[in-house]
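Taken in order, these protein sequences are the chains called A and B.
Residue numbers for the first sequence follow my numbering, so the first one is 1 and each next one is one higher.
Residue numbers for the second sequence follow my numbering, so the first one is 1001 and each next one is one higher.
Let me begin by presenting the structure, written as structure tokens, before commenting on it.
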Amino acid sequence: MTATGLDALAIAAAVRAGRLKAVDVARQAIGRIDAAGDLLAITQRLDDRALAEARRVDALVAQGRDPGPLAGVPYAVKDLFDVAGLPTTAGSASLEHTDPAPGDAAAIVRLQQAGAVLVGTCNMDEFAYGFVTDNARWGITRNPHDHARFAGGSSGGSAAAVAAGLVSFALGSDTNGSIRIPASFCGVYGIKPTHGSLPMEGVYPFAHTLDDIGVFARSAGDLALVDAVLRGSSQAAGAPHPALLGGWFARNLTPAMQVALDDFSAAIGPLPIVELVEVERARSAAFVITACEGGRLHAAALRQVAMAYDPATRDRLIAGGALPDAIYAEALALRAVFIERARALFDRHRVLIAPVTMGPAPLIADPTVLIDGTAKPARANLGLFTQPISYLGVPVVAVPLAVPGLPLGLQLIGAWGDDAAVIAFAADLERRGLIGARLLA
Amino acid sequence: MTQTPAQPVPAGLFEQAHDLDDAALVAALGWPVPLPCVPGVASNLRLLADHIAIMRGARR
């Protein structure tokens, strides 16, 4: 029996029942990584560790003991999670020679306790500051569905690894869209949970006001399972009462996204259209907070070793570090106002729906997006629809639309702490055939 | 995690970002930014200036 093509739920069930050996599942994942060619999703292989973890799972099964709900499921993590024995580089050559992490990130510890098997680390934009996964040290992660296009970022390696079937799920981080955008471009599921609800210990920070870790998965069921393992509990879900976000989220759409959104709306039935007011201000405030917190985090290092940074990241961080306290405080203060306005919407609608991006993944040869008719750099501007949602700190699941052509994604946005409602709504849409992952294996 | 910059930038730097040339704008930061970084840093300072204006209610 092969694990290739199975989701995490099926692999774990087969391993727990003794129909599959975790060691064989790990070897198959290693073989798929070997065959991945120029995808550049995985940066560091952890073959020995993976096989050791898999043997431990098989031993528990042989002893009749519970190997955990993710028994033998292979996964990978973005390059900013602490992995015992490896330097945590956050995708930067400037950190390659730092001391190895003494232990695993808290999220990895929880997954290991649940029986999951870590097979590698994933490519990212340096220090998570970008939306394309164009990394000066490792190179560009290619979109598995079209190697001429970006995978999205900054967790692009994680998304590509899942879409290409190298691993069953992956961890990433999302500050302004860094899980949702690559999930959308690669045709997989991705969640940014309620801010602060998943463990951040052992994760290299970027902008702490907005940072979260989250999961990439090949089905809504897998997403629910891994999310529950990470948070240590399951949550109850309720009726979604969905609404479509208009205004800001209906502008700048490519023809393909407009058609996909119209078809989705027609299929799901009449959806009320609602507006989050002053989204543009919120997006810019999130931009300012990110620049300021990121810039200040790196200020001391940039004065010492600026030229060791990726130029595309370095110049943004230096500029962000110049933001004065007063402007940073303004950006934080606006948040309370925006949150109150959003709360009024969530009182009526448990799930709000919006596109993840304006359209499909940009071409690597033309790294721009059209905003109000002007071509802007994709690296900094793909977060038009994701940044305002990060600013709220609410849970969002990016789901892959069942459309022909290149993958496109929607954001299913819930109220604070209502992660289960958005995951359950995703599962419902999946059952109805309106969404579904686009996988190579 | 957030550290206050060692040296505060001049008040009004972002308000003047579109009026200064690259060298003058980056020089106003008050530390020796490596020469290859100057155009990129200046460009990003102006981008931040635009976002600050939008955050304060200016329309694009």
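Yeah, the Cβ is synthetic: ideal placement off N, Cα and C, and Gly gets one too.
Close partners of A285(A) in chain B (Cβ separation under 7 Å): M1055. H1018(B) has a beta carbon lying at 8 Å or more from every beta carbon in chain A. A Cβ-Cβ distance of about 6 Å is found for the pair N135(A) and N123(A), placing them in contact under the 8 Å criterion.
The beta-carbon of P311(A) is placed less than 8 Å from the nearest beta-carbon of chain B. In this structure the stretch 254-263 of chain A does not lie against the stretch 204-215 of chain A, because fewer than three pairs of beta carbons, one per stretch, are closer than 8 Å.
Exclusion of the five residues before and after H1018(B) leaves R1046 and A1049 as the residues of its chain whose Cβ lies within less than 7 Å of its Cβ. Among the CB atoms of chain A, one or more fall inside 8 Å of the CB of L1045(B). Along the stretch 33-50 of chain A, none of the residues has a CB nearer than 7 Å to a CB of chain B.
Comparing alpha-carbon positions, the option among G247(A), K376(A) and T386(A) lying closest to A286(A) turns out to be T386(A).
As a beta-bridge residue in DSSP terms, C122(A) pairs with I42(A) and K78(A).
Annotated three-state conformation of T89(A) is coil, per DSSP. Considering only R55(A), L363(A), L271(A) and P193(A), the residue with the shortest C-alpha distance to D146(A) is L363(A). In the displayed model, S173(A) falls within a strand according to three-state DSSP. Beta-bridge partners of D134(A) (DSSP): I140(A). Beyond the five residues adjoining it in sequence on each side, I179(A) comes within less than 6 Å, by CB distance, of S155, G172, G190, K192 and G214 in the same chain, given in chain order. For L1035(B), no Cβ of chain A is located within less than 8 Å of the residue's own Cβ. Between I11(A) and L20(A) a beta carbon distance of about 7 Å is seen, short of the 8 Å cut, so the two are scored as contacting. In the structure shown, the three-state DSSP call for L223(A) is helix. DSSP, reduced to helix, strand and coil, places Q411(A) within a strand of the structure shown. Of all alpha-carbon atoms in G393(A), V396(A), P102(A) and A361(A), the one lying nearest the alpha-carbon of A151(A) is that of A361(A).
Residue contact with chain B for A306(A): present (Cβ-Cβ distance below 8 Å to some residue of chain B).
With a 10 Å radius around the Cβ and a threshold of 16 neighbouring Cβ atoms, R348(A) comes out exposed. When rounded, the separation of the alpha-carbon atoms in D66(A) and T290(A) is 43 Å.
Counting along the chain, no beta strand (DSSP E) covers H298(A); the unbroken alpha helix (DSSP H) around it starts and ends at V279 to V305. Inclusion of P100(A) and L80(A) in the CB contact set at 8 Å is not warranted, their separation being larger than that value. By the 16-neighbour rule on beta-carbons within 10 angstroms, V305(A) is exposed.
Rounded to whole angstroms, M200(A) and A107(A) show a C-alpha spacing of 8 Å. Between the stretch 302-320 of chain A and the stretch 329-348 of chain A there are fewer than three inter-stretch CB-CB distances shorter than 8 Å, so the stretches are not counted as touching. Spanning the alpha carbons of A250(A) and S92(A) requires a straight line of approximately 36 Å. Within the same chain, L244, L245, F249, F385, I389, L410, Q411 and I413 come within 8 Å of A354(A) by CB-CB distance, once the 5 residues on both sides are set aside. Neighbours of I318(A) in chain B, taken as residues at a C-beta separation under 7 Å, are given in chain order as V1033, C1037 and V1041. With contacts defined by Cβ atoms closer than 8 Å, D222(A) and A8(A) form a contacting pair. Listed as beta-bridge partners of A331(A) by DSSP are no residues whatsoever. With contact defined as three or more Cβ pairs closer than 8 Å, the stretch 156-176 of chain A and the stretch 37-44 of chain A are in contact. Boundaries of the beta strand (DSSP E) harbouring A375(A): T374 to P377, taken from the DSSP string.
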